[in-house]
Amino acid sequence: MKKILIGIAALASAATAQASIIPTLIGAPVAVGNGSFRYTYDATLASDQALVTGSYFTLYDLVGFQGFGNLASGFTGTSQLLGLTPGNVLPDDDASILNVSFVYSGPTVNFDGQLFERQLGTFEIFSTIGTVGFDDFTSEAIRNAGPSRGSLVATIGTDAIGVPGDGMGSTVPEPAMWAMLIAGFGMVGVRMRTRNGALQSVSA
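Numbered per mature numbering (1 follows the signal peptide of the UniProt record, and there is no 0), the sequence shown spans residues -19 to -1, 1 to 185.
Structure below.
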(Lines of atoms letter the chains of each structure in order from A and count residues from 1; the text may use other names and numbers.)
(Lines give C-alpha, C1' and ligand atoms only; values in the text may rest on other atoms or scores of the structure.)
Protein backbone atom coordinates (compact mmCIF):
# COMPACT_ATOMS: atom_id res chain seq x y z
CA MET A 1 0.00 0.00 0.00
CA LYS A 2 1.28 3.43 -0.85
CA LYS A 3 2.23 5.57 2.10
CA ILE A 4 0.16 8.52 3.21
CA LEU A 5 2.20 11.70 2.94
CA ILE A 6 2.16 14.66 5.29
CA GLY A 7 0.73 17.78 3.64
CA ILE A 8 3.11 20.70 4.01
CA ALA A 9 2.33 24.16 2.64
CA ALA A 10 4.01 27.51 3.26
CA LEU A 11 1.72 30.42 4.05
CA ALA A 12 1.98 33.09 1.35
CA SER A 13 -0.40 35.42 3.19
CA ALA A 14 -3.29 35.26 5.61
CA ALA A 15 -5.04 33.12 3.00
CA THR A 16 -4.76 29.36 3.05
CA ALA A 17 -1.78 28.09 1.08
CA GLN A 18 -2.48 26.01 -1.98
CA ALA A 19 -0.84 23.41 -4.17
CA SER A 20 0.52 24.42 -7.57
CA ILE A 21 -1.47 22.69 -10.36
CA ILE A 22 -4.15 20.12 -9.46
CA PRO A 23 -5.50 17.86 -12.23
CA THR A 24 -8.85 16.09 -11.88
CA LEU A 25 -10.43 13.33 -13.96
CA ILE A 26 -13.79 14.48 -15.35
CA GLY A 27 -16.36 11.72 -15.21
CA ALA A 28 -15.75 8.22 -16.52
CA PRO A 29 -13.70 7.13 -19.55
CA VAL A 30 -15.70 7.23 -22.79
CA ALA A 31 -15.54 4.44 -25.38
CA VAL A 32 -14.72 6.00 -28.76
CA GLY A 33 -14.52 2.86 -30.89
CA ASN A 34 -11.76 0.54 -32.06
CA GLY A 35 -11.06 -0.50 -28.49
CA SER A 36 -10.08 3.02 -27.38
CA PHE A 37 -11.27 5.04 -24.39
CA ARG A 38 -11.03 8.80 -23.93
CA TYR A 39 -10.10 10.21 -20.52
CA THR A 40 -10.73 13.92 -19.95
CA TYR A 41 -9.05 15.95 -17.22
CA ASP A 42 -9.23 19.52 -16.07
CA ALA A 43 -6.46 21.34 -14.23
CA THR A 44 -6.64 24.11 -11.64
CA LEU A 45 -3.92 26.67 -10.92
CA ALA A 46 -3.96 27.54 -7.22
CA SER A 47 -4.61 31.13 -6.18
CA ASP A 48 -1.06 31.70 -4.88
CA GLN A 49 0.64 30.27 -7.99
CA ALA A 50 1.74 31.62 -11.37
CA LEU A 51 2.05 29.72 -14.62
CA VAL A 52 5.27 30.28 -16.59
CA THR A 53 6.90 28.60 -19.57
CA GLY A 54 8.04 25.21 -18.31
CA SER A 55 5.31 24.79 -15.68
CA TYR A 56 3.81 21.32 -15.93
CA PHE A 57 1.91 18.45 -14.40
CA THR A 58 2.57 14.72 -14.83
CA LEU A 59 0.27 11.71 -14.48
CA TYR A 60 1.93 8.40 -13.62
CA ASP A 61 1.45 4.84 -14.87
CA LEU A 62 -1.21 5.16 -17.57
CA VAL A 63 -1.86 1.57 -18.61
CA GLY A 64 -2.57 1.13 -22.33
CA PHE A 65 -1.77 4.77 -23.20
CA GLN A 66 -2.31 5.47 -26.92
CA GLY A 67 -1.95 9.22 -27.38
CA PHE A 68 -3.29 12.70 -26.74
CA GLY A 69 -6.53 14.36 -27.76
CA ASN A 70 -7.41 18.02 -27.33
CA LEU A 71 -5.22 19.94 -24.88
CA ALA A 72 -5.71 23.28 -23.16
CA SER A 73 -4.26 26.35 -24.88
CA GLY A 74 -0.50 26.74 -24.41
CA PHE A 75 0.08 23.12 -23.36
CA THR A 76 1.79 20.26 -25.17
CA GLY A 77 1.78 16.61 -24.16
CA THR A 78 4.72 14.24 -23.87
CA SER A 79 4.87 10.57 -22.88
CA GLN A 80 7.85 8.70 -21.49
CA LEU A 81 8.69 6.03 -18.95
CA LEU A 82 10.17 8.56 -16.53
CA GLY A 83 8.24 11.77 -17.15
CA LEU A 84 8.87 15.24 -15.80
CA THR A 85 9.08 15.11 -12.01
CA PRO A 86 10.06 17.82 -9.50
CA GLY A 87 13.34 17.01 -7.82
CA ASN A 88 12.02 17.33 -4.27
CA VAL A 89 9.12 14.85 -4.43
CA LEU A 90 9.08 11.08 -4.97
CA PRO A 91 6.02 9.63 -6.73
CA ASP A 92 5.35 5.90 -6.87
CA ASP A 93 6.24 5.05 -10.48
CA ASP A 94 6.29 1.72 -12.34
CA ALA A 95 9.26 2.00 -14.71
CA SER A 96 7.57 -0.26 -17.26
CA ILE A 97 4.41 1.89 -17.72
CA LEU A 98 4.27 5.21 -19.57
CA ASN A 99 3.75 8.50 -17.76
CA VAL A 100 2.36 11.61 -19.45
CA SER A 101 3.33 15.24 -18.86
CA PHE A 102 1.49 18.39 -19.90
CA VAL A 103 3.95 21.26 -20.32
CA TYR A 104 3.05 24.95 -20.58
CA SER A 105 4.73 27.30 -23.05
CA GLY A 106 3.29 30.78 -23.27
CA PRO A 107 2.87 34.13 -21.54
CA THR A 108 3.15 34.25 -17.76
CA VAL A 109 -0.21 33.92 -16.02
CA ASN A 110 -1.01 35.43 -12.59
CA PHE A 111 2.50 36.43 -11.51
CA ASP A 112 1.10 39.62 -9.99
CA GLY A 113 -1.20 37.61 -7.80
CA GLN A 114 -4.85 36.64 -7.96
CA LEU A 115 -7.71 36.19 -5.54
CA PHE A 116 -9.09 32.94 -6.87
CA GLU A 117 -8.12 29.68 -8.50
CA ARG A 118 -7.84 29.62 -12.29
CA GLN A 119 -9.11 26.81 -14.48
CA LEU A 120 -6.45 26.01 -17.09
CA GLY A 121 -8.72 24.05 -19.43
CA THR A 122 -9.26 20.43 -20.37
CA PHE A 123 -6.81 17.72 -21.39
CA GLU A 124 -7.62 14.48 -23.22
CA ILE A 125 -5.72 11.22 -23.47
CA PHE A 126 -6.62 7.87 -25.04
CA SER A 127 -6.05 4.37 -23.70
CA THR A 128 -6.94 0.79 -24.58
CA ILE A 129 -8.10 0.40 -20.96
CA GLY A 130 -11.57 1.49 -19.89
CA THR A 131 -11.09 0.70 -16.20
CA VAL A 132 -10.07 3.54 -13.90
CA GLY A 133 -7.23 2.97 -11.46
CA PHE A 134 -5.88 5.42 -8.93
CA ASP A 135 -2.31 6.73 -9.05
CA ASP A 136 0.02 9.66 -8.40
CA PHE A 137 0.46 13.04 -10.05
CA THR A 138 3.08 15.76 -9.66
CA SER A 139 3.11 19.39 -10.77
CA GLU A 140 5.31 22.46 -10.65
CA ALA A 141 4.56 26.19 -10.87
CA ILE A 142 5.90 29.30 -9.08
CA ARG A 143 4.75 31.28 -6.06
CA ASN A 144 3.12 34.59 -6.99
CA ALA A 145 3.06 36.36 -3.63
CA GLY A 146 4.81 36.68 -0.29
CA PRO A 147 8.52 36.54 0.60
CA SER A 148 9.03 33.45 -1.57
CA ARG A 149 7.43 35.06 -4.65
CA GLY A 150 9.04 33.65 -7.79
CA SER A 151 10.19 30.41 -6.16
CA LEU A 152 9.27 27.00 -7.55
CA VAL A 153 6.49 25.07 -5.82
CA ALA A 154 6.24 21.32 -6.37
CA THR A 155 3.09 19.35 -5.61
CA ILE A 156 2.56 15.61 -5.34
CA GLY A 157 -0.79 13.87 -5.12
CA THR A 158 -0.42 10.35 -3.73
CA ASP A 159 -3.14 7.99 -4.98
CA ALA A 160 -4.90 11.18 -6.01
CA ILE A 161 -5.80 10.95 -9.72
CA GLY A 162 -7.89 8.59 -11.80
CA VAL A 163 -5.91 7.04 -14.67
CA PRO A 164 -6.28 4.05 -17.01
CA GLY A 165 -5.57 1.07 -14.79
CA ASP A 166 -6.34 -2.53 -14.00
CA GLY A 167 -9.04 -1.80 -11.45
CA MET A 168 -6.99 -3.34 -8.66
CA GLY A 169 -5.67 -1.66 -5.53
CA SER A 170 -6.93 1.83 -4.79
CA THR A 171 -10.20 3.01 -6.23
CA VAL A 172 -11.50 6.38 -7.31
CA PRO A 173 -12.68 8.35 -4.24
CA GLU A 174 -16.16 9.65 -3.69
CA PRO A 175 -16.82 13.39 -4.33
CA ALA A 176 -16.63 14.08 -0.60
CA MET A 177 -13.19 12.52 -0.54
CA TRP A 178 -12.06 14.83 -3.36
CA ALA A 179 -13.13 17.79 -1.24
CA MET A 180 -10.93 16.49 1.57
CA LEU A 181 -8.02 16.04 -0.83
CA ILE A 182 -8.15 19.47 -2.41
CA ALA A 183 -9.42 21.75 0.36
CA GLY A 184 -8.26 22.57 3.81
CA PHE A 185 -4.56 21.65 3.87
CA GLY A 186 -3.60 25.18 4.75
CA MET A 187 -1.51 25.43 7.92
CA VAL A 188 2.19 24.68 7.98
CA GLY A 189 2.87 21.25 9.40
CA VAL A 190 -0.75 20.16 9.56
CA ARG A 191 -1.32 16.56 8.55
CA MET A 192 -3.78 15.90 5.77
CA ARG A 193 -4.81 12.27 5.66
CA THR A 194 -7.37 10.33 3.67
CA ARG A 195 -7.73 6.63 3.18
CA ASN A 196 -7.01 6.78 -0.54
CA GLY A 197 -4.75 9.77 -1.10
CA ALA A 198 -2.92 12.86 0.03
CA LEU A 199 -1.49 16.06 -1.38
CA GLN A 200 1.85 17.57 -0.53
CA SER A 201 3.08 21.01 -1.57
CA VAL A 202 6.80 21.75 -1.22
CA SER A 203 8.62 25.00 -1.92
CA ALA A 204 11.96 24.66 -3.65
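For every residue, glycine included, the Cβ atom is placed at its ideal position computed from N, Cα and C.
At a cut-off of 7 Å, is residue i close to the ligand ZN when judged by its beta-carbon and the heavy atoms of the ligand?
i     : result
Phe49 : This structure simply doesn't include the ligand ZN, nor any ligand for that matter.
Spatial neighbours of residue i within its chain, please: CB distance less than 6 Å, with the 5 preceding and 5 following residues excluded, ordered by chain position.
i           : result
Leu65       : Tyr37, Thr39, Ser82
Tyr85       : Leu32, Ser36, Gly55, Phe56
Phe18       : Pro10, Ala12, Ser108, Gly111
residue 193 : Look at the range of the chain in this structure, -19 to 185, and you will see that residue 193 is not part of it.
Could you compute how far the alpha carbon of residue i sits from the alpha carbon of residue j?
i      : j     : result
Gly102 : Ile3  : 12 Å
Gly127 : Ser28 : 12 Å
Phe107 : Pro88 : 28 Å
Ile7   : Asp93 : 30 Å
Which residues in the same chain have their Cβ closer than 7 Å to the Cβ of residue i, if we skip the five residues on either side of it in sequence?
i      : result
Val153 : Below a pLDDT of 50, predicted positions are generally treated as unreliable, and Val153, at 43, falls in that range; no measurement from the model is reported.
Ala157 : Annotation note: pLDDT 37 at Ala157 (below 50); position unreliable, no value reported.
Gly50  : Arg19, Glu105, Ile106, Phe107
Starting from the C-beta of residue i, find all residues in its chain whose C-beta is less than 8 Å away, skip the five residues before and the five after it, and write them out in chain order.
i     : result
Asn80 : Thr39, Leu40, Tyr41, Asp42, Leu43, Ser60, Gln61, Leu62, Leu63, Gly64, Asp74
Give me the residue from the options with the minimum Cα distance to residue i.
i      : options               : result
Leu26  : Pro67, Gly58, Ser1    : Ser1
Leu71  : Asp140, Gly146, Asp93 : Asp140
Pro145 : Asn91, Ile78, Val90   : Ile78
Gly16  : Arg130, Ile7, Gln47   : Gln47
Find out if the Cβ-Cβ distance for the pair residue i, residue j is shorter than 8 Å.
i     : j     : result
Asn69 : Gln30 : no
Leu52 : Gly58 : yes
Phe34 : Tyr22 : Reading off the sequence shown, one finds Thr at residue 34, where the question assumed Phe. Contact flag unset, no.
Phe97 : Ala24 : no
Below 8 Å, how does it come out for the stretch 132 to 141 and the stretch 114 to 124: are there three or more Cβ pairs, yes or no? yes
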